[in-house]
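**Student:** Following our numbering, the residues of the sequence shown are numbered contiguously, the last one being 265. Every residue, glycine too, gets a C-beta built ideally from N, C-alpha and C. Since the structure is predicted, the reported quantities are computational estimates derived from the model, not experimental observations. Below is one structure. I have some questions about it.
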Amino acid sequence: MASKDKDFSGRYVNKEEKSGRTRTRRVHTPGAGAGYKAELNKLFDKGEVSDRLKEVVGGLSDAAGEGADRQRLIREARAAEEPEAFNDLIGQLHDAHRLPDDQELMMRALDHPNDELVEAALDTLLEMDGRRSLARRKVLRMKLATLKQVSKNTGVLDMVELLEARL
């Protein structure tokens with residue numbers, strides 16, 4: 099209960115009312131958020147939208163399905179050990195969605211045989227470097243030097259030079 103004091107006129111006033119502050123109490127019920135968290139996990143992992151989430155955010159089912167597909171492709175590409183499997187997965191990701199801001203994936207994508215995908219990976223690396231400094235610069239420089247020797251695409255070579263200048 100808030101304490102009461104007398105104001106200048108001599109009447110008792112609630113200090114919280116006088117200062118303009120109000121206090122609300124939140125009752126914690128253990129486990130109340132577990133169901134909501136499970137619904138969010140289904141949304142992001144499988145693309146399934148519950149009725150409660152549809153009410154909270156209308157018209158999200160299509161975007162959630164695309165986001166779940168993108169996340170699945172990213173997870174599978176990270177886990178892919180064979181170059182052919184990785185190239186197939188990163189190709190699917192590039193065709194259906196935008197490439198992720200993941201330096202490791204983009205560095206692996208530089209070995210892809212498709213020049214358009216390599217350009218997209220270089221563009222993503224350039225954007226990432228503009229926001230924050232890239233890690234593993236030495237390895238990236240070696241990849242770029244190899245790409246410079248192997249590639250005959252002028253667009254790729256121009257982007258390699260831009261990125262090398264930033265490193």
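In this structure, does DSSP put valine 248 in helix, strand or coil?
**Tutor:** Three-state DSSP puts valine 248 in a helix.
**Student:** Does asparagine 185 pass the burial test, meaning 16 or more other C-beta atoms within 10 Å, or should it be called exposed?
**Tutor:** Under this definition asparagine 185 is a buried residue.
**Student:** Could you tell me whether the region 204 to 213 touches the region 171 to 188, where touching means 3 or more Cβ pairs closer than 8 angstroms?
**Tutor:** These segments touch.
**Student:** So, helix, strand or coil for alanine 233, using DSSP?
**Tutor:** Of the three classes helix, strand and coil, the one that applies to alanine 233 here is coil, per DSSP.
**Student:** State the DSSP-derived secondary structure class of leucine 218, mapped to helix, strand or coil.
**Tutor:** Reading off the sequence, residue 218 comes out as alanine, not leucine. Helix.
**Student:** With three or more C-beta pairs closer than 8 angstroms as the rule, is the region 223 to 243 touching the region 190 to 198?
**Tutor:** Contact between the region 190 to 198 and the region 223 to 243 is absent, because fewer than three Cβ pairs lie under 8 angstroms.
**Student:** Terminal residues of the continuous alpha helix (DSSP H) containing proline 181?
**Tutor:** Where proline 181 is concerned, the enclosing alpha helix (DSSP H) stretches over 181 to 194.
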